[in-house]
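Please read the structure below before turning to the comments.
In my numbering, the protein residues as written are 37 to 224.
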């Protein structure tokens, strides 16, 4: 009889122990992936396109490395991230001094191949969350004359979800405890 009661308790508690943590993880993933990454991607794309428009109005910036560096120095504080300028072949002309690592080669190639659209890449790993956007700079003859890149660490954005993660964890643990008590009581 005692083992039958334990089986009833286990049958009432097990769904709470398995389903609630999985539901909590799924909710967190959906919120972060759909809202945070989507918003960050759109934001990066917009910033890169705006800077590319500014460069297209002053194409001499791409021809002179000193002018390009001055432009980067002026625009970088407003851009919220690392900014770099590339020539039409993908070679870096000027960049923020804080830029860590070269631009994403695949992203540069994709932007050079389709000069009408801004290319965006989001990397959302456990230790590093970054976003990078590369916008083409088009002259008045509709020719690609350069590329503008913006790279930003979105780990600060991910960190803002810390309180939400703790709240969902608290709700899941509370639900599991209440489910376990209700299961134990119902099996009795």
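Each residue gets a CB set at the ideal place from its N, CA and C atoms; glycine is no exception.
Return the chain-ordered list of same chain residues with a C-beta closer than 8 Å to the C-beta of residue i, the five sequence neighbours on each side being excluded.
i, result
"residue 180", "124, 148, 151, 172, 173, 174"
"residue 130", "101, 104, 105, 107, 108, 120, 121"
Could you tell me the distance, in whole angstroms, from the CA atom of residue i to the CA atom of residue j?
i, j, result
"residue 158", "residue 144", "14 Å"
"residue 184", "residue 215", "54 Å"
"residue 43", "residue 218", "14 Å"
If you compare alpha carbons, which of the options is closest to residue i?
i, options, result
"residue 83", "73, 186, 134, 100", "186"
"residue 142", "169, 136, 176", "169"
"residue 113", "132, 126, 217", "132"
"residue 182", "209, 217, 128", "128"
"residue 226", "39, 111, 135", "The structure shown does not extend to residue 226, since the chain is modelled only from 37 through 224, so no value can be given for it."
"residue 153", "211, 117, 221, 178", "178"
"residue 228", "211, 126, 218", "Examination of residue 228 is not possible in this model, given that the chain is present from 37 through 224 alone."
"residue 136", "146, 155, 167", "167"
"residue 116", "81, 74, 211, 220", "81"
Who are the Cβ neighbours of residue i in its own chain at under 7 Å, not counting the five residues just before and after it?
i, result
"residue 134", "118"
What are the boundary residues of the alpha helix (DSSP H) that residue i is part of?
i, result
"residue 105", "101-115"
"residue 91", "73-93"
Validate contact between the stretch 51-70 and the stretch 200-210 using beta carbons, cut 8 Å, 3 pairs: yes
contact_flag[the stretch 51-60, the stretch 89-102] where n(CB pairs < 8 Å) is 3 or more: no
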